[in-house]
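Have a look at the structure below before the remarks.
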Amino acid sequence: MKKWTIRGLWILGLIALQVASTFWYFRLDLTEEKRYSLSDATQSLLQKLEEDVVIRVYLTGEQLPGGFKRLEKAIAEQLEEYKALAGRRISYDFVDIQAISDPEERKKQMEELIAKGMQPTQIFDTKGGNRIETLIFPYATVWQNNREMIVLLLKGNQTLSAQERLNQSY
């Protein structure tokens, strides 16, 4: 009987911990260079946002090779952390230009991004023995107070290899 009581208490404790974790957010960054930590200034800024911020990320889609998929995931995780601190003041979405089925509409969307100063990046991949070339837009737009800011997500020196640039961008 005592064994069942102890197990029941453990289960209740785990349930209580799960419920409490939905109300309190915390994240431990155990990397030496604190790669996944937000600075105090960033945390303060996010917590004191007075106007809504809308972020649209154009680096997404099924056509992305592995390295770009990891970058997309890292961006999504970073945005989730921002949202956890800013609450409803931040919203974001990922836009896959290549998923637009109408070629004319896709072309129009690409031209609009280029007109804003977002230069596409050519990526090459091999699928089924065929070499596939895809244009991607490694950018995000940040909107606040009817102002738009364009953010380049692919960092690093142009002379570096694609993998080195991706590593710097994470």
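Each residue of the sequence shown is one higher than the one before, counting from 120 in this note's numbering. Just so it is clear, CB atoms sit at the ideal spot from N, CA and C, and this is done for glycine as well.
The beta-carbon separation of ARG175 and THR260, rounded to 5 angstroms, stays under the 8 angstroms limit for a contact. Shown here for ARG225: same chain residues with a beta carbon closer than 8 angstroms to its own, the five before and five after excluded, namely ILE216, GLN217, ILE219 in chain order. Annotation: LEU183 to ILE233 spans about 19 angstroms, alpha carbon to alpha carbon. By the neighbour-count definition (other C-beta atoms within 10 Å, threshold 16), LEU178 is a buried residue. In the three-state DSSP reduction, GLU170 falls in the coil class, being neither helix nor strand. Contact check for GLU199 against PHE213 fails: the beta carbons are separated by 9 angstroms or more. DSSP, read as helix, strand or coil, puts ILE134 in helix. In this chain, PHE213 is not harboured by any alpha helix (DSSP H); it is covered by the beta strand (DSSP E) spanning 209 to 213. Residues TYR258, ALA259, VAL261 of the same chain have their beta carbon placed closer than 7 angstroms to that of VAL270, with the five preceding and five following residues left out of the count. In the structure shown, the three-state DSSP call for THR245 is strand. Looking at the DSSP output, MET268 shares a beta bridge with VAL261.
In the three-state DSSP reduction, THR253 falls in the strand class (E or B). One alpha carbon belongs to TYR201, the other to PHE187, and they sit about 21 angstroms apart. In this structure ILE251 is in contact with ASP244, their Cβ atoms being roughly 5 angstroms apart against a cut-off of 8 angstroms.
Look at THR124 here: in three-state DSSP terms it is helix. Within the same chain, Cβ atoms closer than 6 angstroms to the Cβ of THR253 are found at GLN182, ILE242, the five residues on either side in sequence being excluded.
Rounded to whole angstroms, the gap between the alpha carbons of SER210 and GLY248 is 40 angstroms.
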